[in-house]
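For the sequence shown, the UniProt record's numbering gives the first residue as 1, with consecutive numbering after it. Worksheet for the structure shown next.
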Amino acid sequence: MNQLIIKLQNSSYNDMDLEDFKQSLKTYDFSLSHLTTHEICRVFSQNATKFELLPELLKFLEKALENRISPQQLNQYDFPALLINFLSSKDSTKYTLKCLNILSKLCYKLDVNLAENLAEKFINEATEIILKSYDNDDCLFTSAVSALVAVSFENENCRRLLRNHSDFDRVCKRFVLSLQNADDYAAVLGFLAIERYCMHSDFGLSVYNKPNINQTIEFLFNLIVFNSSIPARKLAVDLFIQLISYSNIVAEVGNFTFLEQSIKQLIEVLSIKDRAEGVIALLINFLDVDTLSKQVLKVFKSTTLRNKDIAEILVTNDWSLEPISAIVYWTFNEVDSLALQSSSLIIKLLEDLPESEEDLIDKIEFMCKQLNLKLKGLQTGFPKDDLESNWFKNVFYIISKLKNEIIVLKLKENLDLITLRELIVDNIANLNVFEVDKEQAELFLGLCATSSSLLKNLHELVTDKILSKILSQCIYSRNPLIVCLCMELSSTLKKRKFLIKTLGKQPLNNSNLQRTHPSQHQKMPIDLESLREDDADSRINDLIAIYEKRLEELALREEQTRQALESRNSALTETDKLLNRYKIGMAEADAERKQLLSIISKFENENRTKFRVKEEEVAKLNDDIANILKQKQNIENEKASLNKELTEYKTVLKENSSEIKRLKHAITDLKGQIDKKEKLLNESSKENHRLETAISDLRTELGKKEESLKLTTEKKKALEIEVDKSGTMITELRDQLGKYTQMASLINGLTSGKIDASILNTS
1 MNQLIIKLQN
11 SSYNDMDLED
21 FKQSLKTYDF
31 SLSHLTTHEI
41 CRVFSQNATK
51 FELLPELLKF
61 LEKALENRIS
71 PQQLNQYDFP
81 ALLINFLSSK
91 DSTKYTLKCL
101 NILSKLCYKL
111 DVNLAENLAE
121 KFINEATEII
131 LKSYDNDDCL
141 FTSAVSALVA
151 VSFENENCRR
161 LLRNHSDFDR
171 VCKRFVLSLQ
181 NADDYAAVLG
191 FLAIERYCMH
201 SDFGLSVYNK
211 PNINQTIEFL
221 FNLIVFNSSI
231 PARKLAVDLF
241 IQLISYSNIV
251 AEVGNFTFLE
261 QSIKQLIEVL
271 SIKDRAEGVI
281 ALLINFLDVD
291 TLSKQVLKVF
301 KSTTLRNKDI
311 AEILVTNDWS
321 LEPISAIVYW
331 TFNEVDSLAL
341 QSSSLIIKLL
351 EDLPESEEDL
361 IDKIEFMCKQ
371 LNLKLKGLQT
381 GFPKDDLESN
391 WFKNVFYIIS
401 KLKNEIIVLK
411 LKENLDLITL
421 RELIVDNIAN
431 LNVFEVDKEQ
441 AELFLGLCAT
451 SSSLLKNLHE
461 LVTDKILSKI
471 LSQCIYSRNP
481 LIVCLCMELS
491 STLKKRKFLI
501 KTLGKQPLNN
511 SNLQRTHPSQ
521 HQKMPIDLES
531 LREDDADSRI
541 NDLIAIYEKR
551 LEELALREEQ
561 TRQALESRNS
571 ALTETDKLLN
581 RYKIGMAEAD
591 AERKQLLSII
601 SKFENENRTK
611 FRVKEEEVAK
621 LNDDIANILK
631 QKQNIENEKA
641 SLNKELTEYK
651 TVLKENSSEI
661 KRLKHAITDL
671 KGQIDKKEKL
681 LNESSKENHR
691 LETAISDLRT
701 ELGKKEESLK
711 LTTEKKKALE
721 IEVDKSGTMI
731 TELRDQLGKY
741 TQMASLINGL
751 TSGKIDASIL
761 NTS
């Protein structure tokens, strides 16, 4: 592995053996230097056409995503394009599923913008996989749809290519059929795909029309609240947020029968961490829609617990009992994306639901405990991470919005004001206005706004020297944010008069703006009169004369400077008056600004709604125009094909007419033959009738003979019985005759005196 690192860092990877490279990757540790990972990415990028590196590339990207390699690092090399090229290769069939899965993850993490030819290649490949895999491979179908949604989620070019694809209708049918899938992830992917690609087509309208939208809304709510699959829930939240951007669907969501009950279920799962972020994001989007925000605020009012229940929370520390407690817990538990979302939701609730201020009273102790830890970390400097910086800005904004006296008292009791004071003082001391960026300025403004209600003696801790430097920089900087920071800082520190005083006494920090010279005659330590008495040297006298002349000139300059200072003081007095007028004007302008902001925000909300409606109408009209042009082209193509077919039909018709004439002559000949055949048939029928008559006579005679045969058979059977009986009688008679013969022989023997031995034996 060390040899690999040395080779990579020496940029000798072109000469490397790819087999060694593949073996070394198996033991690569992502905790090594950024340079090594960077060079490995270059190896993959420069060997993009070598298919044998595909398995290693997939494993590397999988590990890179698991180890949270920065998107900027991966985005330097066009890995999505690399995977798409591999997908279109016939050799990559067995890696298709893994390619699609990693492509989906990359596109959700990176900002992918495919070129026209590459996007077309991907659309062709993805549609082919979707159509082939729907019936025989659910897993591959789901991965292909997921990749299609991920690649073209924010890419209108890909969506246009898919809509113009020849198999678009077939793909849409697969999307609709996937809604019947038992897998929730596949179903929500189908919904999301329909929303992205088919919203203005017949397929999309059939899914999101009035009879079906209630089922879709119920499905999404149940999926977000009850489903255990994190990807499915995330997709459902994304889909819901996309859907409420359509005015017609928002109206249906507002009329949803179980809307209040569903929002209650959403709020109840705020205490579950893996569900809270998606639910909070959805609630924030609900609060941005007028028709839905009323329902959300109503549910928050009804579900927020009071008195006894809050006491139970404090005793049991069970944060799952009450929604405000859960949001506060996620805001201050850990600085992450969930904390940022939770703080944004609290700001929304503070703006729209004044009662939520009171709900925060009993959570102040927990808030301050966590915020104290974060403030100590902030003492080392402003956070570099955007997430942490935005979190601090949200928290400072929340605290500055809390005007409840009880809350302010509790904040003073529980917040580490010493740390907060030191933090502000240190940041003021180390602040360089000309180097501060927008994020730091906004964060510093949040600190000042927070401290204004909590740190009453802060102005005593900031020295005049430090403040004069900051104020000088702020006034002479041309950055509006910095000027705003200056006004907020001076208001917080109660140093309005100090501004004039500082500009009058202290030199400005910017040397190009003003330079002051010390009076030279004040620096001369020599007593000129004693010098004149002690040394009579003429040369020294000449020098003394020169110095006296210079002193007169300097005195004259000093007088002029004093007069300039007096005029400057009078000008500063006028400036003070002008500043007072300016502040009065600023206050009036601020009031007008707030009024105008409310009017503008109201006007913007109305215009935003109208703009969305118009945008949807324009998009629908564009789609209709595209469909009409497409239909027109199809009709022209069909017309040309029909004209061609008509010409062919005319040719065939001529051939058929000549064939019909020939067939008519043949039919006439056949009719003559049929007449002859009919005559023969009549004669044959007569002969058949005669034969049938003869056959019937024969059958009658045969019946009579059969009856006589039956009688003869019966007589034969009777005679056979009699013969059998006669045979039996003959046998018996023979036996008796034999006996009689023996007896006769015996008698004869007795009479003659001779008895045969055989007769004796027999007897």
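For glycine and all other residues, C-beta sits at the position ideal for the given N, C-alpha and C. None of the values given here were measured: they were computed from a predicted structure.
Pairing L266 with I327 gives a Cβ-Cβ distance that is not under 8 Å. Sequence-distant partners of K725 (beyond 5 residues in either direction) whose C-beta falls short of 8 Å from its own C-beta are missing from its chain. Per the C-alpha coordinates, the member of S302, S228, P55 and K348 positioned closest to L282 is K348. The beta carbon of T331 lies closer than 7 Å to those of A339, S342, S343 and I346 in the same chain, with the five residues before and after it left out. A Cβ-Cβ distance of about 11 Å is found for the pair F79 and C99, leaving them out of contact under the 8 Å criterion. Per the coordinates, the alpha-carbon of L220 lies some 40 Å from the alpha-carbon of Q595.
In the three-state DSSP reduction, V279 falls in the helix class (H, G or I). The DSSP-derived three-state label of A564 is helix. When the alpha-carbon of V188 is set against those of I230, R160 and D167, the nearest one is in I230.
In the three-state reduction of the DSSP assignment, T257 falls in the coil class. Put simply, of K301, K677, I213 and E268 the residue whose alpha carbon is nearest the alpha carbon of E252 is I213. Contact between H165 and T127 holds: CB atoms are separated by about 6 Å, below the 8 Å threshold.
I244 sits in coil when the DSSP states are folded into three classes, being neither helix nor strand.
Counting only runs of at least 4 residues, the segment 653-711 fully encloses no alpha helix (DSSP H) element at all. Taking a C-beta distance under 8 Å as the contact criterion, I130 and V145 qualify as a contact pair. Assigned with DSSP and collapsed to three states, I272 falls in coil, not helix or strand. K602 and L106 have their C-alpha atoms roughly 39 Å apart. Straight through space, the alpha carbons of L597 and N607 are spaced by roughly 14 Å. Counted as a single uninterrupted DSSP element, the alpha helix (DSSP H) harbouring Y329 occupies residues P323 to N333. Under the three-state reduction of DSSP, N136 is assigned to coil, being neither helix nor strand.
In the three-state DSSP reduction, A115 falls in the coil class, being neither helix nor strand. Under the three-state reduction of DSSP output, N164 falls in the coil class, being neither helix nor strand. In this structure, the alpha-carbon of N124 lies about 19 Å from that of D135. Beyond the five residues adjoining it in sequence on each side, A81 comes within less than 6 Å, by CB distance, of L118 in the same chain, given in chain order. With contacts defined as CB atoms closer than 8 Å, I84 and F122 qualify as a contacting pair. Per DSSP, N227 lies in no alpha helix (DSSP H) segment and is marked neither H nor E.
Within a 10 Å sphere around the beta-carbon of E655 sit fewer than 16 other beta-carbons, which makes this residue exposed.
Closest in C-alpha terms to R160, from the list L691, V723, N622 and L737, comes N622.
For D590, the three-state secondary structure derived from DSSP is helix. Assignment of D624 by DSSP, reduced to helix, strand and coil, places it in the helix class.
Around the CB of D238, 16 or more other CB atoms lie within 10 Å, so the residue is classed as buried. The alpha-carbon of L733 is positioned some 14 Å away from that of Q742.
Annotated as distal: F300 and S293, with beta-carbon spacing of 8 Å or more. Listed in chain order, the non-local C-beta contacts of E616 below 7 Å within the same chain comprise Y246 and S247, local neighbours out to five positions each way being set aside.
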